[in-house]
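Scroll down for the structure; my scribbles are underneath it.
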Amino acid sequence: MSDLVVVATRGPFALRLEAGEVVAGRAAGGLAPSLAAALEGRRALWIAAAASRDEREIAARGLPIPAPEGLTVRLVVVPDEIAAAHRLIANGTLWFLHHGLFDRAHRPTVDRRWHEAWERYRAYNALFGDEIARLAPASATVVINDYQLSLVGGRLAELRPDLATVHFTHTPFCVPEELRTLPSDVAAELVGSIASCGAAGFHTERWAGNFRRCAGEYLADEPRTLVSPLGVDPRRLARESASPGVEAARARLSAAVDGRRIVFRSDRLELAKNIVRGFAAFGELLEAEPGWRDSVVFLAHLYPSREELPEYLAYRNEVERAATRLNERFGKPGRLPVILEIADDHDASLAALSSYDVLLVNALRDGMNLVAKEGAVLNTRDGVLCLSKEVGAFEALGEAAVAVEPFDIAGTARAIREALEMPASDRHARARRLAELAALHPPAEWLEGVVAEARPGRRASTS
Ligand code: G6P
Numbered sequence: 063m064s065d066l067v068v069v070a071t072r073g074p075f076a077l078r079l080e081a082g083e084v085v086a087g088r089a090a091g092g093l094a095p096s097l098a099a100a101l102e103g104r105r106a107l108w109i110a111a112a113a114s115r116d117e118r119e120i121a122a123r124g125l126p127i128p129a130p131e132g133l134t135v136r137l138v139v140v141p142d143e144i145a146a147a148h149r150l151i152a153n154g155t156l157w158f159l160h161h162g163l164f165d166r167a168h169r170p171t172v173d174r175r176w177h178e179a180w181e182r183y184r185a186y187n188a189l190f191g192d193e194i195a196r197l198a199p200a201s202a203t204v205v206i207n208d209y210q211l212s213l214v215g216g217r218l219a220e221l222r223p224d225l226a227t228v229h230f231t232h233t234p235f236c237v238p239e240e241l242r243t244l245p246s247d248v249a250a251e252l253v254g255s256i257a258s259c260g261a262a263g264f265h266t267e268r269w270a271g272n273f274r275r276c277a278g279e280y281l282a283d284e285p286r287t288l289v290s291p292l293g294v295d296p297r298r299l300a301r302e303s304a305s306p307g308v309e310a311a312r313a314r315l316s317a318a319v320d321g322r323r324i325v326f327r328s329d330r331l332e333l334a335k336n337i338v339r340g341f342a343a344f345g346e347l348l349e350a351e352p353g354w355r356d357s358v359v360f361l362a363h364l365y366p367s368r369e370e371l372p373e374y375l376a377y378r379n380e381v382e383r384a385a386t387r388l389n390e391r392f393g394k395p396g397r398l399p400v401i402l403e404i405a406d407d408h409d410a411s412l413a414a415l416s417s418y419d420v421l422l423v424n425a426l427r428d429g430m431n432l433v434a435k436e437g438a439v440l441n442t443r444d445g446v447l448c449l450s451k452e453v454g455a456f457e458a459l460g461e462a463a464v465a466v467e468p469f470d471i472a473g474t475a476r477a478i479r480e481a482l483e484m485p486a487s488d489r490h491a492r493a494r495r496l497a498e499l500a501a502l503h504p505p506a507e508w509l510e511g512v513v514a515e516a517r518p519g520r521r522a523s524t525s
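With our numbering as the guide, the letters of the sequence shown map in order to residues 63 to 525.
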């Protein structure tokens, strides 16, 4: 067994059963693949929830889980009703809270049903806490990841005070005014449990500061925080991008684009990514600059996410309608200004990342945003990054990007135009700088920095 334990709801791979064999594919989102990369060549135990029917079966039958040498994966089987309620709290409340997505006249609705779900969120976290307590070797280091597991730290501080722990939040952390949308005992439990870890980690000082200010409203002592921004590994990305699958996707892309300049985005189909305003901005550009109508295409690769939440389904409809409207307004037969692909096609996204002229990342709020960094190291056309000031990655990349204020559609349209019309020498200089900045703190180094700050936890007391 290893003395490093990594805990996340998602495992390093999405597992499925094919003819009785366990097959490992890419996990959703930026977090799991980055953590997996960070662990390359290290001994570690990864504890995750069994996320699908196949994964539950794999766990129940104790089938061996393929993983690179040194890595052991354990899946926790969570009863259905606990898993469903946990998703409601984690994705329907905490994600909205930390990304500032609540439409406060209506949400959140903290009623009896919500409190029942919160109980189950607790139960889910307790299951994880108990499993870690059972499996972690004496004095091991435990890195707990993200908002789905906010209450694990508190439980571990009680059950296993010998463990050195960090709770790392990959999302933003909300401000105190936002946290006050939850009942104060719930808010205190949330910040108190994260603060019970030896350190609370964040990608930027902004989120760490928000957490300290939130904690200050409920806790007696200031929590220990650490800031460790995650970068990307250019060599690994270059390897992936040279695969035959990506080469084939590049050929398909070039046929579809047909000589036009490419504005690209790649995101989970996610409210915080601000996809509809991105289309609106592109529409304003085409409206104001007829010269561009025939010579630029907006390629949006979106992979479906959290479809059990009605907000996400409604948003998907809005996204599809926005793309269709632009195509009806500005398209010609066989030449549409928007190519929208809703699919989980990693090869196609890597192909587009190497080929864009402009990458649009206009998220409302994001803990880091690795797409911006992946594009910076993969792009071969001196592509310009239009980057939201509200994402963690702006702290590192902002100086070489064109800044975008995510609510300002007209400003975003101007930013895309500026990017498209930027002189080649300027584009080149910025692209080189972006690639350098994005490669700082690659996953393995990031993890070292986090592990170095782990300390034995202690139950935080409320003020
Ligand atoms: C973000 C979060 C992760 C989450 C991922 C995918 O990257 O920080 O914790 O796993 O999105 O979301 P999902 O709900 O599909 O796990």
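Backbone N, C-alpha and C define an ideal beta-carbon position, used for all residues, glycine too.
Beta-ladder partner(s) of Val358, from DSSP: Arg323
With 16 other Cβ atoms within 10 Å as the buried cut-off, status of Val85: Counting of Cβ neighbours within 10 angstroms places Val85 among the exposed residues, the total staying below 16.
Leu347 to Arg476 span [Cα, whole Å]: 7 Å
Leu77 in three-state terms, based on DSSP: strand
Span separating the alpha-carbon of Leu159 from that of Ala438: 29 Å
Check: Asp208 C-beta below 7 Å from any heavy atom of the ligand G6P: Yes, the beta carbon of Asp208 sits closer than 7 Å to at least one heavy atom of the ligand G6P.
Backbone secondary structure at Glu507 - three-state DSSP: helix
Beta-carbon gap between Thr287 and Ala304 smaller than 8 Å: no
Residues that DSSP places opposite Ala465 in a beta bridge: Leu449
Per DSSP, cross-strand counterpart(s) of Asp428: Val453
Residues near Ala106 by beta carbon distance below 8 Å, same chain, minus five either side: Annotation for Ala106: Ser64, Leu66, Val67, Val68, Gly132, Leu133, Thr134 place their beta carbon closer than 8 Å to its own, counting only its chain and skipping 5 residues before and after.
Sequence-distant residues of its chain with Cβ nearer than 7 Å to Pro128 (five each side left out): Correct list, in chain order: Val84, Ala86.
CA-to-CA distance, Ser316 to Glu351, given in whole angstroms: 24 Å
Pro399 beta carbon less than 8 Å from that of Phe360: yes
Arg427 burial status per 10 Å Cβ neighbour count (16 or more: buried): The residue in question, Arg427, is buried, as its Cβ has 16 or more Cβ neighbours within 10 Å.
DSSP three-state assignment for Glu380, whether helix, strand or coil: Here Glu380 sits in helix by DSSP.
Straight-line Cα distance separating Phe190 from Ala198: Roughly 12 Å between the two C-alpha positions.
Closest Cα partner of Ala458 within the set Pro485, Arg242, Ala413, Arg268: Arg268
Where Asn272 sits in the DSSP three-state scheme: Assigned with DSSP and collapsed to three states, Asn272 falls in helix.
Any non-hydrogen atom of the ligand G6P closer than 7 Å to His232 Cβ: yes
Contact under 8 Å by Cβ, Asp329 with Leu364: yes
Cβ neighbour criterion (16 or more within 10 Å) applied to Gly266: Here residue 266 turns out to be Thr, not Gly, going by the sequence shown. Buried is the call here.
Ala110 beta carbon less than 8 Å from that of Ala70: yes
Paired residues, beta bridge with Thr524 - DSSP: Leu281
Short Cβ contact (8 Å threshold) for Ala384 with Arg327: no
Residue closest to Val420, alpha-carbon to alpha-carbon, out of Asn441, Ala472, Leu213: Asn441
Continuous beta strand (DSSP E) stretch holding Glu351: start and end: It is not in any beta strand (DSSP E) - Glu351 carries neither H nor E in the DSSP assignment.
Assigned exposure category for Ala81 - 16 Cβ within 10 Å defines buried: exposed
Check: Leu288 C-beta below 7 Å from any heavy atom of the ligand G6P: no
7 Å CB neighbourhood of Ala257 in its chain, flanking five on each side removed: The answer, listed in chain order, is Ala277, Leu281, Pro285, Ala522.
Near the ligand G6P: Gly91 beta-carbon under 7 Å from a heavy atom: yes
Pick from Val453, Thr386, Tyr186, Glu380 that is closest to Ile337, judged by C-alpha positions: Measuring from the Cα of Ile337, the nearest candidate turns out to be Glu380.
Ile127 - DSSP class collapsed to helix/strand/coil: Collapsing the DSSP output to three states places Ile127 in coil.
Start and end residues, alpha helix (DSSP H) containing Leu133: Segment 133-138 is the beta strand (DSSP E) holding Leu133; no alpha helix (DSSP H) there.
Identity of the residues DSSP links to Asp295 by a beta bridge: In the DSSP output, where bridge partners are listed per residue, Asp295 has none listed.
Beta-carbon proximity check, Arg323 vs Leu482, cutoff 8 Å: For Arg323 and Leu482, yes; Cβs fall inside 8 Å.
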